[in-house]
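Residue 52 is where the sequence shown starts when you use my numbering, and the numbers rise one by one after that. Idealized CB from N, CA, C, for every residue including glycine. I have placed the structure first, in the form of structure tokens, so that the comments after it can refer back to it.
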Amino acid sequence: MVPGRIAVPRRPRAHNQVVVVLIAVGTAASAATGFVGLAANRLLSGRPVALWEAAPPALVGAIALSAVALFALAMMPPRLAVHRFAALVSGLLLVATLAAAGEAAARLAGTSSFATVSLGAGFWLIFACAALALVDALQRARAGAVVQLLVAVLAVAGFLVMAETGLFDALSLAREFAGRREVFAAAVIRHVELVVGAIVPALVIGVPLGLLAQRRKSFETPLFAVLNLLQTVPSIALFGLLIGPLSALAGALPALGALGIGGVGPAPAIIALVLYALLPIARNTLAGIGGVSPAALDAAHGMGMTRRQVFWQVEVPLAAPVLLAGLRIVLVQTIGLTVVAALIGAGGLGTFVFDGLGQYATNLVLLGALPAIFLALGVDFLLRLATSGTRGYLTP
Numbered sequence: 052m053v054p055g056r057i058a059v060p061r062r063p064r065a066h067n068q069v070v071v072v073l074i075a076v077g078t079a080a081s082a083a084t085g086f087v088g089l090a091a092n093r094l095l096s097g098r099p100v101a102l103w104e105a106a107p108p109a110l111v112g113a114i115a116l117s118a119v120a121l122f123a124l125a126m127m128p129p130r131l132a133v134h135r136f137a138a139l140v141s142g143l144l145l146v147a148t149l150a151a152a153g154e155a156a157a158r159l160a161g162t163s164s165f166a167t168v169s170l171g172a173g174f175w176l177i178f179a180c181a182a183l184a185l186v187d188a189l190q191r192a193r194a195g196a197v198v199q200l201l202v203a204v205l206a207v208a209g210f211l212v213m214a215e216t217g218l219f220d221a222l223s224l225a226r227e228f229a230g231r232r233e234v235f236a237a238a239v240i241r242h243v244e245l246v247v248g249a250i251v252p253a254l255v256i257g258v259p260l261g262l263l264a265q266r267r268k269s270f271e272t273p274l275f276a277v278l279n280l281l282q283t284v285p286s287i288a289l290f291g292l293l294i295g296p297l298s299a300l301a302g303a304l305p306a307l308g309a310l311g312i313g314g315v316g317p318a319p320a321i322i323a324l325v326l327y328a329l330l331p332i333a334r335n336t337l338a339g340i341g342g343v344s345p346a347a348l349d350a351a352h353g354m355g356m357t358r359r360q361v362f363w364q365v366e367v368p369l370a371a372p373v374l375l376a377g378l379r380i381v382l383v384q385t386i387g388l389t390v391v392a393a394l395i396g397a398g399g400l401g402t403f404v405f406d407g408l409g410q411y412a413t414n415l416v417l418l419g420a421l422p423a424i425f426l427a428l429g430v431d432f433l434l435r436l437a438t439s440g441t442r443g444y445l446t447p
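The following block contains the structure:
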């Protein structure tokens, strides 16, 4: 310190600005929006109810203390122990938010037998901020694939335990599910069947197209011009355009109609989904195989490998991260597009979405939309883990 100069204390600095922003968003959401919505019956939109008005004081305090603890951790210098503790606090915040929603619904729904309690914007924003804070903490702690998978399993198990105890029974979303439990299970199965039924033929067609474009450059430009054009066609329009030709085909060939192929139903949905999936599959096949180092190929040829051995033992392992990334993209895209396929009688989770839109029932829309979202997130998460694993374990 120089004599005569006054020491100025350093201003506190956030070492984790992401968490600080998330806390600010969550705080603003709890203050400006309703944590839940209370309506006199299923047809009315209802009024927003703030977190501190709806939930028990103990849970409100737990949410507030978790936010304060996360803010304090964000101000600390980055250390492994800090990130691990932040992950723990974020997980507790998620649990407290879910419990607060269930308890709030039980308290508010008890005022009337016809009253409905819906999850409000405040809940979704706080829940999303807590989930993002958990993901950020795990990434900063450099959690491996096993740890991430364990955290995901614990999160799902915790939610199922809370649901089994009846914590969410008073929520209108849970009531919609209870009234359609058997139909819901069938819709989930049909949704998965449509996705698998589209992905398998898309891989069978798209991977050879990508390989052909990589081997013969003259084929690349016209191929991707056609595939890019297909992507510009709106999904509803493509589903509709397939109705006429498939109806005529089923009429001309009764055997196809006997197999269930027609203008409506799964057949046009799967065909449209396959067409949409071809571009990302072919593009990533081209990028993955084309990105293999020429030095690795020269070394393989120098060892006396045949062309087939080079492909399966060198090119495919080295291109696996890119290939899996393409599969992840196309799976998430297909899961979302399959919701729209319900418009042409294909079934699946989109049935609830469009029934809810027709009845102005938001919770019925969520009953179809939320499982599709979580299904896409789950597939994305698992394939991300698989992609990270191939970088470390797949070697030529």
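As summarised for the region 100-171, the continuous beta strand (DSSP E) elements at least 3 residues long and confined to that stretch are 167-170, given in chain order. In this structure, DSSP gives GLY342 a state outside helix and strand, which the three-state scheme calls coil. Excluding residues up to 5 positions away in sequence, ALA333, THR336 and LEU337 lie with their Cβ nearer than 6 Å to the Cβ of GLY261 in the same chain.
Taken through DSSP and simplified to helix, strand or coil, ARG98 comes out as strand. Contact between the region 105-121 and the region 134-142 is present: three or more C-beta pairs spanning the two stretches fall below 8 Å. Each of PRO319, THR357 and SER81 was checked against the Cα of GLY398, and the nearest Cα belongs to PRO319. By the C-beta criterion, the region 149-157 is judged not to be in contact with the region 190-203, since fewer than 3 inter-stretch pairs fall below 8 Å. Using a C-beta cut-off of 8 Å, the region 356-372 makes no contact with the region 272-286, since fewer than three inter-stretch Cβ pairs fall below that distance.
Rounded to the nearest whole angstrom, the CA to CA distance from VAL100 to THR84 is 8 Å. Straight through space, the alpha carbons of GLY171 and ILE74 are spaced by roughly 18 Å. In terms of Cα proximity to LEU144, the closest of GLY342, ILE177, VAL70 and PRO368 is ILE177. For VAL361, the enclosing alpha helix (DSSP H) starts and ends at 358-361. For GLY209, the closest of VAL168, LEU149 and ALA249 by C-alpha to C-alpha distance is LEU149. Put simply, the region 172-192 does not touch the region 212-230. Fewer than three CB pairs are less than 8 Å apart.
For LEU280, the three-state secondary structure derived from DSSP is helix. Per DSSP, the beta bridge partners of LEU222 are VAL168. In the displayed model, ALA371 falls within a helix according to three-state DSSP. Residue environment: ASP187 is assigned as buried (16 or more neighbouring CB atoms within 10 Å of its CB, all protein chains considered). Of the other Cβ atoms in all chains shown, 16 or more fall within 10 Å of the Cβ of PHE219; this residue is therefore buried. Below 8 Å, enough C-beta pairs join the region 381-390 and the region 420-434 to call them touching: three or more. If the five residues before and after ALA236 are omitted, its C-beta is found closer than 6 Å to no C-beta atom of its own chain. In this chain, the beta strand (DSSP E) harbouring LEU89 covers 87-90. Per DSSP, the unbroken alpha helix (DSSP H) holding VAL72 starts and ends at 68-83. Put simply, of LEU304, GLY195, VAL71 and ARG135 the residue whose alpha carbon is nearest the alpha carbon of THR438 is GLY195. Here the C-alpha atom of VAL111 lies approximately 19 Å from the C-alpha atom of ALA123. Within a 10 Å sphere around the beta-carbon of GLN410 sit fewer than 16 other beta-carbons, which makes this residue exposed. Note that the C-beta distance between GLY97 and SER169 is below 8 Å.
Shortest Cα-Cα distance from GLY396 to any of GLY314, ALA79, GLY88 and LEU102 involves GLY314.
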